[in-house]
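Participant:
Residue numbers (this note's numbering): 332 to 418.
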């Protein structure tokens, strides 16, 4: 029982690390592709531009965040149920 509990916490920690690294990757992509355009007429643009190859990376990182968050939530619920049954 204790062995399964350590496996669940290890997988949960790995999911948290993957989410964190994916968020850092998304922020890095947004920072590197950030632009500000200002004109004398009063037109002003601010944003970030993602090129075609970067769309796949961006989408993959977002899906990694979603999957790891869902999996981490499921693991924490399993762990809490296991603690309730044990005590």
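Here a beta-carbon is modelled for each residue, glycine too, at the ideal position from N, C-alpha and C.
When the Cα atoms are used, what is the spatial distance from residue 403 to residue 371?
Facilitator: Answer to the nearest angstrom: the Cα atoms are 50 Å apart.
Participant: Indicate whether residue 399 and residue 349 have their beta-carbon atoms separated by less than 7 Å.
Facilitator: For residue 399 and residue 349, yes; Cβs fall inside 7 Å.
Participant: Roughly how many whole angstroms lie between the Cα atoms of residue 384 and residue 413?
Facilitator: Those two C-alpha atoms are separated by around 44 Å.
Participant: Which stretch, first to last residue, makes up the beta strand (DSSP E) that contains residue 367?
Facilitator: It spans 365-369 - the beta strand (DSSP E) in which residue 367 sits, taken as one unbroken run.
Participant: Rounded to whole angstroms, how far is the Cβ of residue 380 from the Cβ of residue 389, which I believe are closer than 8 Å?
Facilitator: Not a contact, Cβ separation roughly 12 Å.
Participant: With DSSP as the reference, please indicate the residues paired to residue 378 in a beta bridge.
Facilitator: DSSP output for residue 378 lists 366 as bridge partner(s).
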